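What follows is one structure encoded as structure tokens, with my remarks underneath.
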Amino acid sequence: MTVCIDNSQHPFIIDSGAHCSIVARNYLENHFPNWENQLFPTKAKNFQSASRKMTSIGTIIKEIIIPHRKGNIRLNP
């Protein structure tokens, strides 16, 4: 799915049942060059995926806009 973040389009997968989305560091580097300036500490340090444990580097809060022909859908943090 293509979504709008910071007034530009990005490929993104949204899990509507999740309270947050986890993305790889290289995704941030490719799509948000100044992501480290927007990083907040996170309380949850460890996450578990299906195959391994993941360590959080922090949280970035973004508004996500899903373009739709009948009106955009805004996901506010």
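Last residue of the sequence shown? That's 76 in numbering that gives the first Met the number 0, and every number before it is there in order. Glycine included, each C-beta is placed from N, C-alpha and C at the ideal position. As the structure is a prediction and not an experimental result, all values here were calculated from the model.
List the DSSP bridge partners of ILE64. Its beta-bridge partners are CYS3 and ARG73.
Rounded C-alpha distance that separates ASN33 from ASP5: Looking at the two C-alpha atoms, the distance is approximately 12 Å.
Going by DSSP, what residue range makes up the beta strand (DSSP E) through ASN45? Element bounds for ASN45: 45-47.
Give me whichever residues DSSP pairs with HIS9 in a beta bridge. Residue pairing from DSSP places HIS9 in a beta bridge opposite VAL2.
Do CYS3 and ILE64 have their CB atoms nearer than 8 Å? Contact: yes.
Rounded to whole angstroms, how far is the Cβ of THR41 from the Cβ of SER55, which I believe are closer than 8 Å? Rounded to whole angstroms, the Cβ separation of THR41 and SER55 is 5 Å, and the two are in contact under 8 Å.
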